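Colleague:
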Amino acid sequence: MTQSLVGSFRLPNPWRTGVILVALVLALPVLTVFGFVFQPAGEVWRHLADTVLKDYVLNSVLLLLGVGLGTLFGGVSSAWLCSMCQFPGRRVFEWALLLPMAMPAYIIAYTYTGLLDFAGPVQTGLRDWFGWSYGEYWFPEIRSLGGAIVMLSLVLYPYVYLLARAAFLEQSICVLEVGRTLGAGAWTGFFRIALPLARPAVIAGLSLALMEALADYGTVEYFGVATFTTGIFRTWFGLGDAAAAAQLAALMMSFVFILIVLERWSRRQARYHHTSGRYRHLPRYQLRGWRALAAFGLCLLPLLFGFLLPAGQLLVWAVRTAGETLDAEFLRLVWHSLGLAGAAATLAVLLGLFMAYGKRLHGSYGVAAAVRVAGMGYAVPGTVIAVGVLIPFAWIDNRIDAWMRDSFDISTGLLLSGTLVALLFAYTVRFLAVSLQTVEAGLGKIKPNMDDAARSLGLPPNQVLARIHMPIMRGSLLTALLLVFVDVLKELPATLILRPFNFNTLAVRAFELASDERLAESATAALTIVLVGIIPVILLSRSITRARPGHG
Amino acid sequence: MAKPDSPVPLLEVDHIRVRYGDQTVVEDLSFHLEQGRIGCLLGLSGCGKTTVLRAIAGFEPVSEGEIRFAGQVVSRPGWSLVPEQRQVGMVFQDFALFPHLTIADNIAFGIRQQAASRREARVSELLELVGLGAYARGYPHQLSGGQQQRVALARAIAPRPALMLLDEPFSSMDKDLREQLAREVRAILRHEGITAVLVTHDQLEAFLMADEIGVMHAGRLEQWGSAYALYHEPGSRFVANFIGEGVLLRGTVLNDHQVETALGIIDGNFDAAFGHNDDVDVLMRPDDIIHDDDSPMLAEVCDKAFRGADFLYTLCLPSGARVLSLVPSHHDHAIGERIGIRLDLDHLVMFRR
Chain W
294 MTQSLVGSFR LPNPWRTGVI LVALVLALPV LTVFGFVFQP AGEVWRHLAD
344 TVLKDYVLNS VLLLLGVGLG TLFGGVSSAW LCSMCQFPGR RVFEWALLLP
394 MAMPAYIIAY TYTGLLDFAG PVQTGLRDWF GWSYGEYWFP EIRSLGGAIV
444 MLSLVLYPYV YLLARAAFLE QSICVLEVGR TLGAGAWTGF FRIALPLARP
494 AVIAGLSLAL MEALADYGTV EYFGVATFTT GIFRTWFGLG DAAAAAQLAA
544 LMMSFVFILI VLERWSRRQA RYHHTSGRYR HLPRYQLRGW RALAAFGLCL
594 LPLLFGFLLP AGQLLVWAVR TAGETLDAEF LRLVWHSLGL AGAAATLAVL
644 LGLFMAYGKR LHGSYGVAAA VRVAGMGYAV PGTVIAVGVL IPFAWIDNRI
694 DAWMRDSFDI STGLLLSGTL VALLFAYTVR FLAVSLQTVE AGLGKIKPNM
744 DDAARSLGLP PNQVLARIHM PIMRGSLLTA LLLVFVDVLK ELPATLILRP
794 FNFNTLAVRA FELASDERLA ESATAALTIV LVGIIPVILL SRSITRARPG
844 HG
Chain R
-7 MAKPDSPVPL LEVDHIRVRY GDQTVVEDLS FHLEQGRIGC LLGLSGCGKT
43 TVLRAIAGFE PVSEGEIRFA GQVVSRPGWS LVPEQRQVGM VFQDFALFPH
93 LTIADNIAFG IRQQAASRRE ARVSELLELV GLGAYARGYP HQLSGGQQQR
143 VALARAIAPR PALMLLDEPF SSMDKDLREQ LAREVRAILR HEGITAVLVT
193 HDQLEAFLMA DEIGVMHAGR LEQWGSAYAL YHEPGSRFVA NFIGEGVLLR
243 GTVLNDHQVE TALGIIDGNF DAAFGHNDDV DVLMRPDDII HDDDSPMLAE
293 VCDKAFRGAD FLYTLCLPSG ARVLSLVPSH HDHAIGERIG IRLDLDHLVM
343 FRR
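Residue numbers (the working numbering), protein chains in the order written: chain W, 294 to 845; chain R, -7 to 345.
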């Protein structure tokens, strides 16, 4: 028997306070970066502005434009073919087209460099075949802006594919049939009905791909293309100017905000684009002859160049170098990577659960806004987060150290910025959104009536959590754990900047070896990352084939 | 709880008021149900009917009045017995089946403390009762809407609650299924001897299911009574308009048994409170106006709707007033035609203007 609340006086709710506090702490890196906008420009910044800033902006914009076009074409065409047409191999392509998601851009970049540079098998083969020698023929330079655009497009098109495909499948077949009765054939139906209806989803996918492209560090650094991320890195380590790096990061964030606004806006639009709630089995266009062949080719290209070829090359390298690379050092790398990813994933899921429950229980405006802020990290590039973490942490470290030395004559050194604490914090900031989204989706499936039903059947509130919520959420929690785990495993720039001295992970090691032109030796680490990265891709493809309206 | 012949009603809702923050959603509402009866709260969405149900279940506290089960107070201002101790079964609009449990486990949820053998016997008995014996090992998402509804009912019945609450239980179904399920559910509740309160916005559903119906409007109970009483003796203009079809025709009281209207002078008995020269509205149901070719009284057909067994004609009177008439469908008259009518009324329902 409980006493119901009488009157409107309430103590400050610990849960609400906790949610808002967590959000504030997680917003610290971004707030720090923005704090430097109001600092007077220093010597280094003026130097940057006079010399390289123009290149950073121009290259970043060109990169975004190129990757935008590439992912748009690759993603939309393959999504349309797989959801609306029937041709040999469609069922395999449907999920296999997601595989390039498992391939980090920096890994595909140096794999192709190994394949296509002067000493690589392709050019060597051409020379042998035609009897050419150095300088007698033209071959496209992979280490260029164009090369970076192709690399990033190859691994980022699945974002567009995923959301466009979902949109095509969710479109009520009625609207397309209405189109046919009004005389619109397959092509007209695509350009005049299906594509405009799917536009919000396509734009949402595109903005996600562009956020990743903007955040990329490994590819552009490896190809020597000067963009924001490499610029921040160089300003920080090369010129040693934290303020200028932060100011550069703030400028970069203005690009990110445009993308965030674009993504949010298009997702809102998407809600109004459902015209009919009735779904039926999709009658696909049956393609035959050269049309079927063309469709097959169009779907094969991104899969072949985005996954099969580079993964195959990595495998060849890994097998060739297995004797040297599979040593105790490698096992330590695996242990570091898995431990770090596991710890970060657990932290992110626990915090995500806390935030999502806070929102469900106390869905006030303040709490909802706090949860939204905490989820913004997915859009913030790892380089920016790293800078935003390091500046305040170093400041705190110095304060503690100075105070301890004054009071007790003990030097504490770098308690936060030089340890895994900084790294774990950065991962949480960046990937909390991933777990938060998954947990919220899981919680959303539990309607409030479910709680009421359980209580009317004699279950006290605390047991509702254990017997109803947890079992229903188990799948979502595991998915969230896995997604964060893999994201952390693949993360490069923040890890590079924030890792403690001499602490290596698979991603860092692969990148370092590749940067030293030891491509073959880096393959073992790279392949491990790719293989683990395939697991969530499989989960994802399974969940989208299951959640298909009109298919029971 | 209560014995069948208990003098105390099984459910008493006694002048309750329910508030959400500063907003009063239910105001001064009372009714009671005897053991084994099926009651219904009928009203448009937002009238507060679901809130009353949730107050009875214990999900909402009352700020005034009392709710009693078999004479025992379960809700009063400042105190409320928690839902899990009320032994009330509830069926929700969206069924709220537990997606992670099988059909059998869903039904067994409320009787999980019982011994396994007893529990299994009860579950299979209920599965048979709702005609889903073959689906015990299946999961909720494999069932159709109607089947899910039956499982939700079986789950709520399993602990043999003294009182069952049903919140818009058939709203997500099409008309035929809704009628069939309403009959089935009524039969099952009768079979188990369960007292029930149903909430709906659909009067046919209310008529099919309930022994007693309360019409709610803006948080208040307008009238509580049988379907027959609500239709033939509506206590307010709202109930007269809300239940069934009909029009209110202007009239003037001539004496204690006659009213003058656009249809002439109508004879009938009515409330003695009405006196000479009172301006009133008289309720005319479509079945009060009979088509009769021999009648001297004529009215023009302004509109008609075919309903299978009969036509619902809208008739325009010379004064411009309109009335409705239900006519067997072999009397097919064109719009614009003038047809003979006569009145078949003995009790007049009137409201003061």
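No residue lacks a Cβ here, since even glycine has one placed at the ideal position from N, Cα and C. Owing to the predicted nature of the structure, the values given are computational and were not obtained by experimental measurement.
1) Would you be able to state if there are at least three C-beta pairs under 8 Å between the stretch 12 to 22 of chain R and the stretch 804 to 815 of chain W?
2) Grouping DSSP H, G and I as helix and E and B as strand, with all else coil, what is proline 278(R)?
3) Distance check for arginine 152(R) and alanine 372(W), CA to CA, integer angstroms please.
4) When the Cβ atoms of the stretch 23 to 30 of chain R are set against those of the stretch 173 to 189 of chain R, are three or more pairs found closer than 8 Å?
5) Does phenylalanine 298(R) have its Cβ less than 9 Å from a Cβ in chain C?
6) So alanine 148(R) packs on phenylalanine 162(R), CB below 8 Å; how close in whole Å?
7) Output needed for lysine 740(W): all residues of its chain with C-beta closer than 7 Å, excluding positions within five of it in sequence on either side, in chain order.
8) Would you check if the distance between the CB atom of aspartate 284(R) and the CB atom of leucine 318(R) is smaller than 9 Å?
9) Using beta carbons (cut-off 9 Å, strictly below), is phenylalanine 101(R) in contact with chain W?
10) Can you tell me whether DSSP reads glycine 570(W) as helix, strand or coil?
11) Which one of Ala457(W), Ala508(W), Met504(W) has the shortest CA to CA distance from alanine 487(W)?
12) Would you mind working out which of Gly300(R), Ala301(R), Glu329(R) sits nearest cysteine 308(R), comparing C-alpha positions?
13) Give me, in chain order, the residues of the same chain whose beta-carbon lies closer than 8 Å to that of isoleucine 327(R); leave out the 5 immediate sequence neighbours on both sides.
14) Against chain W, does phenylalanine 61(R) count as a neighbour if the rule is that its beta carbon must be under 9 Å from one of theirs?
15) Measuring only between beta-carbons, confirm whether leucine 750(W) sits less than 9 Å from chain R.
16) Drop a sphere of 10 angstroms on the beta-carbon of proline 603(W), count the other beta-carbons inside from all chains shown, and report buried for 16 or more, exposed for fewer.
17) Roughly how many angstroms lie between the CA atoms of leucine 241(R) and isoleucine 258(R), to the nearest whole one?
18) In chain order, which alpha helix (DSSP H) runs of at least 4 residues are fully inside the stretch 185 to 229 of chain R?
19) For the stretch 760 to 788 of chain W, which residues have a CB atom closer than 7 Å to at least one CB atom of chain R, in sequence order?
20) Which residues in the same chain as arginine 344(R) place their Cβ atom closer than 7 Å to its Cβ, once the five residues preceding and following it in sequence are excluded?
21) Count Cβ pairs between the stretch 767 to 774 of chain W and the stretch 694 to 705 of chain W that sit closer than 8 Å; are there 3 or more?
22) Thinking C-beta only, is proline 793(W) closer than 9 Å to leucine 713(W)?
23) Please classify alanine 538(W): is it buried, with 16 or more other beta-carbons within 10 angstroms of its beta-carbon, or exposed?
24) Under 9 Å between the Cβ atoms of valine 453(W) and leucine 490(W)?
25) Give me the chain W residues within the contact set of alanine 96(R), using Cβ-Cβ distance strictly less than 7 Å, ordered along the chain.
26) In chain R, which residues lie less than 7 Å from alanine 746(W) when you measure between Cβ atoms?
27) Does any residue of chain W have a CB that is nearer than 9 Å to the CB of glutamine 64(R)?
28) Chain W partners of histidine 92(R), CB-CB under 7 Å?
29) Buried or exposed: where does tyrosine 315(W) fall if 16 or more other Cβ atoms within 10 Å of its Cβ makes it buried?
30) Which residues in the same chain as threonine 404(W) place their Cβ atom closer than 7 Å to its Cβ, once the five residues preceding and following it in sequence are excluded?
31) DSSP state of arginine 29(R), grouped into three classes?
32) Just checking, does the stretch 129 to 142 of chain R make contact with the stretch 46 to 57 of chain R on the three C-beta pairs under 8 Å criterion?
33) Beta-carbon of asparagine 742(W) versus every beta-carbon of chain R: anything under 9 Å?
34) Who does isoleucine 331(R) pair with in a DSSP beta bridge?
35) Using a Cβ-Cβ cut-off of 9 Å, state whether lysine 738(W) counts as contacting chain R.
Modeller: Well, looking at it:
1) With the cut-off at 8 Å, the stretch 804 to 815 of chain W and the stretch 12 to 22 of chain R do not touch.
2) As a working mapping, residue 278(R) is identified with position 286 in the second sequence. Helix.
3) Here residue 372(W) refers to the residue found at position 79 of the first sequence. Here residue 152(R) refers to the residue found at position 160 of the second sequence. Going from the Cα of alanine 372(W) to the Cα of arginine 152(R) covers about 53 Å.
4) Contact between the stretch 23 to 30 of chain R and the stretch 173 to 189 of chain R is present, because at least three Cβ pairs lie under 8 Å.
5) In summary, chain C is missing from the structure at hand, where the protein chains are W and R.
6) Numbered from 1 along the second sequence, position 156 holds the residue referred to as residue 148(R). Numbered from 1 along the second sequence, position 170 holds the residue referred to as residue 162(R). Distance from alanine 148(R) to phenylalanine 162(R) at the Cβ level is roughly 15 Å; contact not present, criterion being Cβ atoms closer than 8 Å.
7) Here residue 740(W) is taken as the residue at index 447 of the first sequence, counted from 1. Within its own chain, no residue has a Cβ closer than 7 Å to the Cβ of lysine 740(W) once the five positions on either side in sequence are excluded.
8) Counting from 1 along the second sequence, the entry for residue 284(R) is found at position 292. Counting from 1 along the second sequence, the entry for residue 318(R) is found at position 326. Here aspartate 284(R) is not near leucine 318(R), since their CB atoms are 9 Å or more apart.
9) Your numbering for residue 101(R) matches position 109 in the second sequence. Taking CB atoms only, phenylalanine 101(R) has a neighbour in chain W less than 9 Å away.
10) Within the first sequence, residue 570(W) is the residue found at index 277, counting from 1. Low local confidence applies: a pLDDT of 44 at glycine 570(W) is under 50, so the model's placement there is unreliable, and no value is given.
11) Locating residue 487(W) in the first sequence gives position 194, counting from the first residue. Closest by alpha carbon: Ala457(W).
12) Counting from one through the second sequence, the residue named residue 308(R) turns up at place 316. Of the listed residues, the one whose Cα sits closest to cysteine 308(R) is Glu329(R).
13) Locating residue 327(R) in the second sequence gives position 335, where the first residue counts as 1. Closer than 8 Å at the Cβ level, and outside the excluded window around isoleucine 327(R), lie Val293, Cys294, Asp295, Lys296.
14) As a working mapping, residue 61(R) is identified with position 69 in the second sequence. No - not a single Cβ of chain W is within 9 Å of the one on phenylalanine 61(R).
15) Within the first sequence, the letter at position 457 stands for residue 750(W). Residue-level contact by beta carbon holds for leucine 750(W) and chain R, with a gap shorter than 9 Å.
16) For the purposes of this step, residue 603(W) is taken as the residue at position 310 of the first sequence. Around the CB of proline 603(W), 16 or more other CB atoms lie within 10 Å, so the residue is classed as buried.
17) In the second sequence, the residue the question calls residue 241(R) occupies position 249. In the second sequence, the residue the question calls residue 258(R) occupies position 266. For leucine 241(R) and isoleucine 258(R), the distance between alpha carbons rounds to 11 Å.
18) 195 to 201, 219 to 224, all fully within the stretch 185 to 229 of chain R.
19) Along the stretch 760 to 788 of chain W, going in chain order, the ones with a CB nearer than 7 Å to a CB of chain R are Ile761, Pro764, Ile765.
20) What you label residue 344(R) is simply residue 352 of the second sequence in a count that begins at 1. The residues are Asp270, Val272.
21) Because the criterion of three Cβ pairs below 8 Å is not met, the stretch 767 to 774 of chain W and the stretch 694 to 705 of chain W do not touch.
22) Counting from one through the first sequence, the residue named residue 713(W) turns up at place 420. Counting from one through the first sequence, the residue named residue 793(W) turns up at place 500. Yes, the pair counts as a contact, with Cβ atoms nearer than the cut-off.
23) Position 245 of the first sequence, counted from the first residue, corresponds to residue 538(W). Result: buried.
24) Within the first sequence, numbered from 1, the residue matching residue 453(W) stands at position 160. Within the first sequence, numbered from 1, the residue matching residue 490(W) stands at position 197. Their beta carbons are not under 9 Å apart, which means valine 453(W) does not touch leucine 490(W) by this criterion.
25) If you number the second sequence from 1, residue 96(R) lands on position 104. Correct list: empty, because the minimum Cβ distance to chain W is about 15 Å.
26) Sequence index remark: in the first sequence, residue 746(W) carries index 453 (1-based). When 7 Å is used as the limit between beta carbons, alanine 746(W) is near these residues of chain R: Met82, Phe84, Ala88, in chain order.
27) As a first step, residue 64(R) must be located in the second sequence, where it is residue number 72. Not closer than 9 Å to any Cβ of chain W, the Cβ of glutamine 64(R) fails to qualify, so no.
28) For the purposes of this step, residue 92(R) is identified with residue 100 of the second sequence, where counting begins at 1. Ordered by position in chain W, the residues that pass the 7 Å Cβ test against histidine 92(R) are Pro764, Ile765.
29) For the purposes of this step, residue 315(W) is identified with residue 22 of the first sequence, where counting begins at 1. A quick correction: the sequence has valine, not tyrosine, at residue 315(W). That one is buried.
30) If you number the first sequence from 1, residue 404(W) lands on position 111. So the list reads Pro603, Gln606, Leu607, once near-sequence residues are dropped.
31) Here residue 29(R) refers to the residue found at position 37 of the second sequence. Here arginine 29(R) sits in coil by DSSP.
32) By the criterion of at least three beta-carbon pairs nearer than 8 Å, the stretch 129 to 142 of chain R is not in contact with the stretch 46 to 57 of chain R.
33) Taking the first sequence and counting its residues from 1, the one referred to as residue 742(W) is at position 449. Chain R, which has a Cβ nearer than 9 Å to the Cβ of asparagine 742(W), makes this yes.
34) Here residue 331(R) refers to the residue found at position 339 when the second sequence is read from its first residue. Paired residues: Ala291(R).
35) Locating residue 738(W) in the first sequence gives position 445, counting from the first residue. Judged by the 9 Å Cβ criterion, lysine 738(W) is in contact with chain R.
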